[in-house]
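Engineer: In order, the protein sequence lines correspond to chains A and B.
Counting from 1, position 47 in the first sequence corresponds to residue 47 in UniProt numbering; the numbering is continuous, with no gaps.
Counting from 1, position 86 in the second sequence corresponds to residue 86 in UniProt numbering; the numbering is continuous, with no gaps.
Glycine included, each C-beta is placed from N, C-alpha and C at the ideal position.
Owing to the predicted nature of the structure, the values given are computational and were not obtained by experimental measurement.
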Amino acid sequence: MNTGPTEQNTASGRPDGEAAAATGPEDAAAPPWKARWAAAQPWVTLVCRVALAGILGFAAYTKLPPALSIQSVEAYQLFPAGVAEFIGITLPLLEFALALLLLLGLATRYVAAATGLLMLAFIAGIASAWARGLNIDCGCFGTGGAVAPGETAYGVDIARDIGFVVLAGIVMLWPRSPLSLDRLAGLYR
Amino acid sequence: MGKAARREARERLKQQRLKEQQKAKRNRVLLVVGAAVVVVALVVAVGYFVLMRDRGGGEVELPPQALQTDGSVVLAEDGASAPVLEIYADYQCPACKQFETATGSAIQEMAAKGEVIVHYRPVSIFALRGEPLGSNSLRGGAAARAAADAGKFVEYNDVLFENQPAEGDPGFSPDELKQWGEDVGIDDPAFAERVDAESEVADRFAQDYAPELLEKAQGELGADSINTMPVTDLIAWGDENGVDSSFLDDTYVLEILESTGAVNQRYDGENAFAGTPSVYLNGAKMGNEMYSASSLRSAVAEAEPGEPQSTPAEDAEDGGDGEGAGGDAGASPSTSPSADAKE
């Protein structure tokens with residue numbers, strides 16, 4: 001990529017100086033829990049990032065081949081056939097791309113925000129299926145489609161997705177973490 | 001004065017530096033966000049291309065298709081020595097449509113090259129689900145069987161899946177079914193007659209017969225045993241308990257139901273039939289890999305040659321008139337041609 005010069009320029013002290021000036025005096029006055037959080041936060045974010053990446057990557061993998069994923073989307077009865085097919089094919093790809101970006105730590109804050117929005121969309125979809133009394137598997141991981149009445153798990157699915165929203169929220173609010181491409185670009189150091 | 005001016009200048013410089021820093025940061029953010037957008041676009045575009053190529057497949061010159069005595073159809077090159085791929089599908093089942101869309105043309109292409117013997121075995125898992133699910137399923141299945149008489153089963157099979165009604169919507173109307181027959185080149189008037197006759201039987205089954213049978217069976221057998229019972233056993237139970245099924249005699253609707261009952265007996269254990277689409281490669285049930293044309297191709301390539309477990313209708317007739325089932329059905333009134341499928 002052509003980020004070479006920018007990396008050099010931005011990595012050469014200015015952000016460091018800024019950070020030191022900003023956090024230095026604050027740290028001294030801060031209560032111990034705040035200092036501890038400041039030390040732990042990058043690692044907490046790293047764990048959340050990698051966990052989200054794993055979840056998204058696994059979700060994408062289990063949705064393939066797309067014939068299964070299209071079926072899951074159609075089961076929601078929210079979209080016309082052509083749209084359902086398009087979503088069924090592109091959704092696993094989008095999940096995979098987001099997983100890749102989270103793992104690389106590129107545009108961490110914004111990718112986490114996008115992931116959170118995606119999860120909120122999933123929650124809305126599951127809630128609408130629930131409200132309409134459909135009997136479907138959410139198709140979140142692997143095969144969706146119809147299930148027998150009483151074998152739905154909408155509550156569990158939504159609770160799990162809320163957990164994922166929380167993970168995404170943490171990464172979005174505190175994007176600073178080690179092992180990220182953002183650092184090479186001089187962000188969130 | 002001088003001091004104040006200097007302080008002001010320093011302040012201004014500081015402000016400017018701050019602004020520059022903010023600008024630099026904004027540029028860095030734009031850079032990483034831009035790079036991330038490019039990554040997403042690349043992954044989705046390349047992935048879409050790869051996945052669509054797997055699903056694609058052009059029109060192929062179909063190899064001969066042979067109607068079997070049980071109403072199923074074998075599509076294979078003459079004298080092909082290849083693995084047997086058995087496809088159990090219900091024309092009203094959405095997953096079957098997905099299977100067909102993802103792999104249908106790849107399967108036909110393999111059959112045309114003599115790499116696989118395809119055994120189409122239409123069933124009706126929705127038969128007892130009333131209107132419109134059950135009747136759609138039976139009308140579609142019976143019409144496909146009638147198309148097999150005209151030697152156009154495979155073409156008609158594809159058209160039915162293309163036009164599958166959404167789950168729970170009415171569809172596969174007799175007029176549509178006849179029109180699609182014309183579209184695939186069936187000009188024998190016996191096809192249209194048969195479709196009309198079978199559609200009436202299917203509707204009667206779904207509207208009157210199935211609810212009566214289910215209500216009676218619910219009371220005496222319980223819901224659990226009904227759900228696990230092959231549909232043909234349930235029909236036989238009905239005959240013994242005052243729910244007359246004689247209107248089904250010699251119909252393709254009954255043939256579809258018998259095929260559905262038969263597959264339950266044909267496979268057990270880990271190969272047991274549990275819903276559609278079920279695909280068996282040389283009698284071994286396939287998993288989700290069947291939904292991908294490329295993994296299906298490699299599974300077929302690794303399998304040994306096999307033999308279809310059925311008898312061609314032509315052999316069973318002794319007479320053996322050239323085109324086989326096609327001419328036979330054309331000449332017969334609408335009830336007789338399925339009689340030979342009973343034995």
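If we define contact as Cβ-Cβ less than 9 Å, is Ser177 (chain A) a contact residue for chain B?
Structural biologist: No, Ser177 (chain A) does not count as interfacial toward chain B.
Engineer: Look at the Cβ atom of Gly130 (chain B), then the Cβ atom of Ala210 (chain B), and state whether they are nearer than 9 Å.
Structural biologist: Yes, Cβ-Cβ distance for Gly130 (chain B) and Ala210 (chain B) is below 9 Å.
Engineer: Could you tell me whether any Cβ in chain B is nearer than 9 Å to the Cβ of Gln41 (chain A)?
Structural biologist: Taking Cβ atoms only, chain B never reaches closer than 9 Å to Gln41 (chain A), which makes this a no.
Engineer: Is it right to say Gln15 (chain B) is buried, meaning 16 or more other beta carbons lie within 10 angstroms of its own, or is it exposed?
Structural biologist: When all chains shown are included, Gln15 (chain B) counts as exposed.
Engineer: Could you name the residues of the same chain whose beta carbon sits closer than 7 Å to that of Arg183 (chain A), not counting the 5 residues immediately before and after it, in chain order?
Structural biologist: So the list reads Arg189, once near-sequence residues are dropped.
Engineer: Please name the residue in B:Tyr120, B:Gly104, B:Val154, B:Glu176 whose C-alpha comes closest to that of Arg139 (chain B).
Structural biologist: Taking only the C-alpha atoms, the option nearest Arg139 (chain B) is B:Glu176.
Engineer: DSSP three-state call for Ser246 (chain B): helix, strand or coil?
Structural biologist: DSSP places Ser246 (chain B) in helix when its eight states are reduced to three.
Engineer: Along chain E, which residues have their Cβ under 7 Å away from the Cβ of Glu74 (chain A)?
Structural biologist: No chain E is present in this structure, whose protein chains are A and B.
Engineer: Let me make sure I understand the geometry here. Which of B:Asp208, B:Ile235, B:Val201 has the alpha-carbon closest to that of Ala217 (chain B)?
Structural biologist: Residue B:Ile235 is the option with its Cα nearest to Ala217 (chain B).
Engineer: Taking beta-carbon pairs under 7 Å, can you tell me which members of the region 101–129 of chain A lie near chain B?
Structural biologist: Cβ contacts with chain B: Leu101, Leu106, Ala107, Tyr110, Val111.
Engineer: Just to confirm, is the Cβ distance from Val279 (chain B) to Ile87 (chain B) under 9 Å?
Structural biologist: Against a cut-off of 9 Å, the Cβ pair of Ile87 (chain B) and Val279 (chain B) comes out as a contact.
Engineer: State the beta-bridge partners of Pro122 (chain B) as determined by DSSP.
Structural biologist: DSSP, once it has assigned bridges, lists B:Ala89 as partnering Pro122 (chain B).
Engineer: Could one say the Cβ of Pro36 (chain B) lies closer than 9 Å to chain A's Cβ atoms, at least one of them?
Structural biologist: The residue asked about is misnamed: residue 36 (chain B) is Ala in this sequence, not Pro. At least one chain A Cβ lies under 9 Å of Ala36 (chain B).
Engineer: Pairing CB atoms from the region 155–163 of chain B with CB atoms from the region 252–272 of chain B, are three or more of them under 8 Å?
Structural biologist: No, they do not touch.
Engineer: For Asp187 (chain B), which residues from the same chain have a beta carbon less than 8 Å from its beta carbon, with the 5 sequence-adjacent residues on both sides left out?
Structural biologist: Excluding residues within five positions, none has a Cβ falling inside 8 Å.
Engineer: According to DSSP, is Asp54 (chain B) part of a helix, a strand, or is it coil?
Structural biologist: In the structure shown, Asp54 (chain B) sits in a helix (DSSP, three-state: H, G or I).
Engineer: Could you give the distance in angstroms between the alpha-carbon of Asp161 (chain A) and the alpha-carbon of Gly47 (chain B)?
Structural biologist: Using only the alpha carbons, I get a separation of about 25 Å.
Engineer: Tell me whether Thr311 (chain B) is buried or exposed, calling it buried when 16 or more other Cβ atoms sit within 10 Å of its Cβ.
Structural biologist: By the 10 Å Cβ count, Thr311 (chain B) comes out exposed.
Engineer: Would you mind reading off the limits of the beta strand (DSSP E) that contains Ser278 (chain B)?
Structural biologist: Run containing Ser278 (chain B): 278–281, per the beta strand (DSSP E) assignment.
Engineer: How would you list, in chain order, the residues of chain B whose beta-carbon sits under 8 Å from the beta-carbon of Thr45 (chain A)?
Structural biologist: Per Cβ cutoff of 8 Å: no residues; Thr45 (chain A) is ~16 Å from chain B at best.
Engineer: Applying a beta-carbon distance threshold of less than 7 Å, which residues of chain A neighbour Gln98 (chain B)?
Structural biologist: Ordered by position in chain A, the residues that pass the 7 Å Cβ test against Gln98 (chain B) are Ala67, Ile70, Gln71.
Engineer: Counting pairs of Cβ atoms below 8 Å between the region 167–181 of chain B and the region 110–120 of chain B, do you hit three or more?
Structural biologist: Not touching, per the Cβ criterion.
Engineer: For Leu67 (chain B), which of helix, strand or coil comes out of DSSP?
Structural biologist: Strand.
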